[in-house]
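There are 2 protein chains.
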Amino acid sequence: MAESVLRQRMDALRRLARRGAVAPLAKAVAKMRAEDVAVAVAHMSAAEQRLVFAQIRVDHTAAEVLTRVEGEDFLHLVNDLPVERLLVLVNELKADDRTDLLERLPAEQREGVLARLHKEERAEVEELLGYRPDSAGGIMLPYAFRLQEDVTCRDAIAAVQEAADHELIYYLYVDNDAGQLSGVVSLRALLTHPPSTRLSMIMSTDIIAVSPETDQEEVAKITGRYSLLAVPVVDEQRRLLGIVTVDDVIDVIREEAAEDMLLMAGVSEEAADPSRSSRLSAATKRFPWLLVTLIGGIGISELVSRFSHTLEAEVVLAAFMPMITGMGGNVGVQSATIAVRNLATGQGEGGSWRSVVREVVVGNILGVAFSLLIGAYCLARYGSPLVAVCVGAALLTAITVAAMVGTAVPLSLRRLGVDPAIATGPFVTTAIDALGLTLYLGIASLLLGRI
Amino acid sequence: MAESVLRQRMDALRRLARRGAVAPLAKAVAKMRAEDVAVAVAHMSAAEQRLVFAQIRVDHTAAEVLTRVEGEDFLHLVNDLPVERLLVLVNELKADDRTDLLERLPAEQREGVLARLHKEERAEVEELLGYRPDSAGGIMLPYAFRLQEDVTCRDAIAAVQEAADHELIYYLYVDNDAGQLSGVVSLRALLTHPPSTRLSMIMSTDIIAVSPETDQEEVAKITGRYSLLAVPVVDEQRRLLGIVTVDDVIDVIREEAAEDMLLMAGVSEEAADPSRSSRLSAATKRFPWLLVTLIGGIGISELVSRFSHTLEAEVVLAAFMPMITGMGGNVGVQSATIAVRNLATGQGEGGSWRSVVREVVVGNILGVAFSLLIGAYCLARYGSPLVAVCVGAALLTAITVAAMVGTAVPLSLRRLGVDPAIATGPFVTTAIDALGLTLYLGIASLLLGRI
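Same order as they appear, the protein sequences are chains A and B. Here the first sequence stands for residues 186 to 636, numbered as in the numbering used here. Here the second sequence stands for residues 186 to 636, numbered as in the numbering used here.
And the structure:
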């Protein structure tokens, strides 16, 4: 369906919900995919959301909508749902989505549903809840379509035909006698070999697998690199625990990218999402990072105060302070972003410290160019060689130092096992400001002969 | 295979290449996947890269390595390859990868290979070269497995069995008599219906398709939202032109995320990639953005100069300028990042202008908190109510304005059809600096009674 048609339907849905037109709403909802209902619902009032949700006649669709709605919107939808209804919906979902949904329910509802789940399903959910949400175990589907090595293609096809509908089949996994994952067969390979061929003859044995503890970012990298539709998750004995499918990988990549971006600006995922935090709590969550900036700013004010004689002697020097910090900050953020990005994509890996040298050289080239420009400007504007030399020399050193710090910090953070994306945050920018201004005012004070 | 084993093999490969050990190198390469050889090769000298590449005995693997190596590394590998050899490798690839590889070849080699391609393949490549590289047409595979509506499941299975190996099958696309895409059938559906069933009976007709002009980012969004393995690309008459597969979508999502991140720091993709630009050209590419910052800084220096009397009267005011710009800058970047991220994920869409209000309120809360803190500090440290009031009031307004500008600019850019990610660049940060300082020094000057 064309995107424009989709957009029209979503807008129509919103209008109907606003008017409270129940019958047409039910008709409209019946024509839409769960994915689209979820998007449409995200921009409604709580009452409108509940009204739309109540019109979904197909349980499976309702359940799918719930898996796709986040934060406050999710709570609006589930808040007044009785446990019995939730149980019906939860049973419509595959184990990974079911676990995810249960994880997000308010504790009381979660316990209620868990207690009413069949023993088998409850064990499954509880096992999945045991893994970190951002690990392969946390995002995997805890089963896969698996057969023994000596099964023939004919029997495998029969098994596929009999498989329950909810077992979405990407690949057929093959176990050896010891119950270890020993091979993979594509659905297509089943069709293109004689019916009597045993799976052991046609399976690929060079399997790319991950452990349940593998970080989801690593799983995403592997899936992308080898163009897989699913990655098997195996335990230490190479027994198959489940699979991570490519659609979940796409979600992971998007999440991690958004997370990195926010982390670089010092904002948490929660503070960013209007549906997940009130204005006050969003402000509270951004407070610590800004407090660091404020404390840094106070430190800098102390530092600048020490040079008050210098500033009093040549008050125009104060006018260039914002430029020194602005240029240093921008170069630092550029360098840090390049480093973070190259670490994320794997480029420059191995040559890490070489990249610091590279950035310092690039910074130096930029520094020379800009210090000449600004020096010339100062000379022309204020006719003061002193100001020109101070501003020019300070800018050169500030830019070079910023490039170095901006590159070195993410690399060091990575070595320490900390996400390098925080390197563009207040610590680094404050450090670069402080260094730049110390250089600037120090040079000025030296030249003015007033140390 | 475990990641650790892989890493060991890659390290071993690098060591062998450094030593120029040809025979063991050939043996090691024979055991590796093309994807891993490509990663290993990325961190070698040009001579080592050529040595490793020459040891790849399987043409298909060599071709796959080429598709995965980028920038300068790619040029190192292809530079001394004769056109005949390139032709062999190019013919190993599927049309989308083939076109991509040809696009990246130096013009002379490209023309040489194109001229020697079979007529049919050449037409295909030339058609694909006609689409924008970042559109659905530019990344699609220009064919799909397609059958007519009246074909039976039995015949469809036979067709799948006979299909050439290179036609990777995700879904079966069904055409109506007019040659228009009318339905999709999964491989599994073929197996689970009686052999005599016609495709028209089991196909899903609610098809999500894109046009060749659709932006790749949009294609990625659709693939992710509906958990598809492939999206069909159709022309205006709904004739199937090709498919975009999920592995290409993963590349797109990664690319766009990296691009956004770099754009936010005002760095181009090229300037960031050590393999794609020399130090001098990297500096040249970062020059324009920094020039904007410099010019902004000069403007700010003019602005601050106007308040030189104020600063002379109370030189400690200069000491807090970096804090005002630092806090304003950080809040602005936070707000802009949140807006960019919410625009990218589709959250907050529709409620765009409401989000400006939200940010202003959040900014105000933060502003009040921090201005009280800094006011108290100034009073305690300098015993000057004047400084305390100036700094506090300026910080409050600067933070609020920064939150507003930071949110409003990305939204406005989006309306203008410009990528909102540039909003965190120098224009906005400079504007926020200028606004913050004008407010600060303006308030001070008012209070000092010296307008």
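Here a beta-carbon is modelled for each residue, glycine too, at the ideal position from N, C-alpha and C.
Helix, strand or coil at residue i [DSSP, three-state]
| i | result |
| --- | --- |
| B/Pro-417 | strand |
| B/Val-545 | helix |
| B/Ser-320 | strand |
| B/Asp-391 | coil |
| B/His-378 | coil |
| A/Arg-137 | Here chain A comprises residues numbered 186 to 636, so residue 137 of chain A is not present and cannot be evaluated. |
| A/Glu-534 | Only weak support exists for where A/Glu-534 lies, its pLDDT of 45 falling under 50; the value from the coordinates is given anyway. Coil. |
| A/Arg-383 | strand |
| A/Val-243 | coil |
| A/Ser-371 | strand |
| A/Ala-206 | coil |
| B/Ser-453 | coil |
| B/Phe-555 | helix |
| A/Ser-396 | coil |
| B/Gln-519 | helix |
| A/Lys-216 | coil |
| A/Gln-422 | coil |
| A/Arg-194 | helix |
Host alpha helix (DSSP H) of residue i (start-end)
| i | result |
| --- | --- |
| B/Gly-621 | 611-632 |
| B/Thr-430 | Unbroken run through B/Thr-430 is the beta strand (DSSP E), 425-430; no alpha helix (DSSP H). |
| A/Gln-294 | 292-301 |
| A/Leu-326 | From DSSP, A/Leu-326 is part of no alpha helix (DSSP H); its letter is neither H nor E. |
| B/Arg-464 | 464-490 |
| B/Phe-238 | 231-239 |
| B/Ile-402 | It should be noted that the sequence gives Glu, not Ile, for residue 402 of chain B. From DSSP, the alpha helix (DSSP H) with B/Glu-402 extends over 401-410. |
| A/Glu-220 | 219-226 |
| B/Val-500 | No alpha helix (DSSP H) holds B/Val-500; DSSP gives it neither H nor E. |
| A/Glu-309 | 304-314 |
Proximity below 8 Å, CB of residue i to CB of residue j
| i | j | result |
| --- | --- | --- |
| B/Val-546 | A/Arg-464 | yes |
| B/Leu-580 | B/Met-512 | yes |
| A/Gly-591 | A/Gly-451 | no |
| A/Leu-375 | A/Ile-342 | yes |
| B/Ser-381 | B/Arg-339 | yes |
| A/Leu-314 | A/Arg-307 | no |
| B/Ala-197 | B/Arg-253 | no |
| B/Thr-623 | B/Leu-488 | yes |
| B/Gly-368 | B/Thr-510 | no |
| B/Asp-420 | B/Leu-414 | no |
| A/Glu-249 | A/Arg-203 | no |
| A/His-261 | A/Arg-235 | yes |
| A/Thr-522 | B/Leu-201 | no |
| B/Ala-329 | B/Val-404 | no |
| A/Tyr-355 | A/Thr-430 | yes |
| B/Leu-366 | B/Arg-410 | no |
| B/Ala-606 | B/Asp-445 | yes |
Closer than 8 Å to chain C by CB, residue i
| i | result |
| --- | --- |
| A/Tyr-411 | In the structure shown, chain C cannot be found, because the protein chains are A and B. |
Limits of the beta strand (DSSP E) - the one that residue i falls within
| i | result |
| --- | --- |
| A/Gln-333 | 331-333 |
Practice prompt. Could you please tell me which residues of the segment 601-621 of chain A, in chain order, have their CB closer than 8 Å to any CB of chain B?
Written response: Thr-609, Pro-611, Thr-614, Thr-615 and Asp-618
Worksheet item: Going along the chain, which unbroken runs of the alpha helix (DSSP H) with 4 or more residues stay wholly within the segment 563-608 of chain B?
Response: 570-600
Discussion item. Runs of 3 residues minimum, wholly inside the segment 335-367 of chain A: which ones carry the beta strand (DSSP E) assignment?
Written reply: Listed in chain order, they are 356-360.
Practice prompt. Please name the residues in the segment 491-505 of chain A whose beta-carbon is closer than 7 Å to at least one beta-carbon of chain B, in chain order.
Written response: Cβ contacts with chain B: Ser-493, Leu-496, Glu-497, Val-500, Val-501, Ala-503, Ala-504 and Phe-505.
Discussion item. Extract the residue ranges of the alpha helix (DSSP H) inside the segment 253-281 of chain B, only unbroken runs of 4 or more that lie entirely within it.
Written reply: 256-264 and 268-275
Worksheet item: Can you list, in chain order, the residues of the segment 366-386 of chain A whose Cβ is nearer than 7 Å to any Cβ on chain B?
Response: Leu-372, Arg-373, Leu-376 and Thr-377
Item to complete: Report the residues of the segment 277-289 of chain B with a CB closer than 8 Å to any CB of chain A, ordered along the chain.
Response: Flagged: no residues at all.
Worksheet item: Closer than 7 Å, Cβ to any Cβ of chain B: which residues of the segment 287-317 of chain A, in chain order?
Response: none
Fill in: Residues, ordered as in the chain, of the segment 549-564 of chain A that lie near chain B by beta-carbon distance below 8 Å
Contacts with chain B (Cβ-Cβ distance below 8 Å) from the segment 549-564 of chain A involve Ile-550, Leu-551, Ala-554, Phe-555, Leu-558, Ile-559 and Tyr-562, listed in chain order.
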